[in-house]
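Heads up, the thing below is written out as structure tokens.
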Amino acid sequence: GEDVEQSLFLSVREGDSSVINCTYTDSSSTYLYWYKQEPGAGLQLLTYIFSNMDMKQDQRLTVLLNKKDKHLSLRIADTQTGDSAIYFCAEGKTSYDKVIFGPGTSLSVIP
Amino acid sequence: GAVVSQHPSWVICKSGTSVKIECRSLDFQATTMFWYRQFPKQSLMLMATSNEGSKATYEQGVEKDKFLINHASLTLSTLTVTSAHPEDSSFYICSAPKGSGPQHFGDGTRLSIL
Chain C
40 GEDVEQSLFL SVREGDSSVI NCTYTDSSST YLYWYKQEPG AGLQLLTYIF SNMDMKQDQR
100 LTVLLNKKDK HLSLRIADTQ TGDSAIYFCA EGKTSYDKVI FGPGTSLSVI P
Chain Y
5 GAVVSQHPSW VICKSGTSVK IECRSLDFQA TTMFWYRQFP KQSLMLMATS NEGSKATYEQ
65 GVEKDKFLIN HASLTLSTLT VTSAHPEDSS FYICSAPKGS GPQHFGDGTR LSIL
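Residue numbers (this note's numbering), protein chains in the order written: chain C, 40 to 150; chain Y, 5 to 118.
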């Protein structure tokens, strides 16, 4: 079946790194996404990684994929108060398939 | 700029009203679009898959007679919440695939039924 799990809450101090972890069950997923949602707003695609990749870095964001364990992580370096939001891990079999979302991790950044 | 446009952004209406939400692909054709729903403090759940020129496919537990989906053109899908009640108040968001990249999501519609 299709299921995405992630921890619900994370609290970090400003300037520290944040690591949000996610596990998924569908080994045929090709697209693995990280979305950010601020209060009252829509979804913002932060980054995504293909299942044949191990890592992707984009400025302060680093995504690590362990395909064997079906484990995905998002690292935010130098976390800022503006990074406080809910972060959704998500998967999709192909670019044309539905996207399955995890429950979301609420990141709180302490000044 | 946005490639999927969703309208309206906010709707507040009385119980019993039917509400139509539009999802448009702006510079590409989308034979398939997806409709999601997000209740407060919850994740996004797929409601249905909208297919151009054919019937929508609904997820288990979603009433097809209550949530009418029409995908009459390659750039427009509409979701009509019929006889809406307070429990239908939610954030509705659509997405459309475009090529081999990630799917594009609309900005969402916040529906409040009084």
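Beta carbons are placed, not taken as given, at the ideal position from N, Cα and C, and that holds for glycine.
- As the crow flies, the alpha-carbon of F71(Y) is around 18 Å from that of G110(Y).
- Within the same chain, Cβ atoms closer than 7 Å to the Cβ of W39(Y) are found at M51, A52, S54, I73, L83, Y96, C98, the five residues on either side in sequence being excluded.
- Restricting attention to G57(Y), E63(Y), E26(Y), the CA atom closest to the CA of V15(Y) is found in E26(Y).
- Your pair Q10(Y) and S94(Y) does not check out as a contact, with CB atoms roughly 14 Å apart and the cut at 8 Å.
- Put simply, the CB of L72(Y) is far from chain C, with every gap to its CB atoms at 8 Å or more.
- Assignment of E91(Y) by DSSP, reduced to helix, strand and coil, places it in the helix class.
- Spanning the alpha carbons of T62(C) and S56(C) requires a straight line of approximately 20 Å.
- When Cβ-Cβ separations below 8 Å define contact, S19(Y) makes no contact with chain C.
- Chain-ordered, the chain C residues with CB closer than 9 Å to the CB of I97(Y) read G81, L82.
- In the three-state DSSP reduction, G121(C) falls in the helix class (H, G or I).
- With respect to E53(C), Q119(C) sits close: the two C-beta atoms are nearer than 8 Å.
- Note on P106(Y): 16 or more other CB atoms within 10 angstroms of its CB, so buried under the neighbour-count rule.
- Along the stretch 21-40 of chain Y, going in chain order, the ones with a CB nearer than 7 Å to a CB of chain C are T36, F38.
- The C-beta distance from I88(C) to L104(C) rounds to 5 Å, short enough to fall under 8 Å.
- Shown here, T133(C) sits in coil according to DSSP, grouped into three states, outside any helix or strand.
- With respect to the 8 Å criterion, V148(C) and S112(C) are not classified as neighbours on the basis of their beta carbons.
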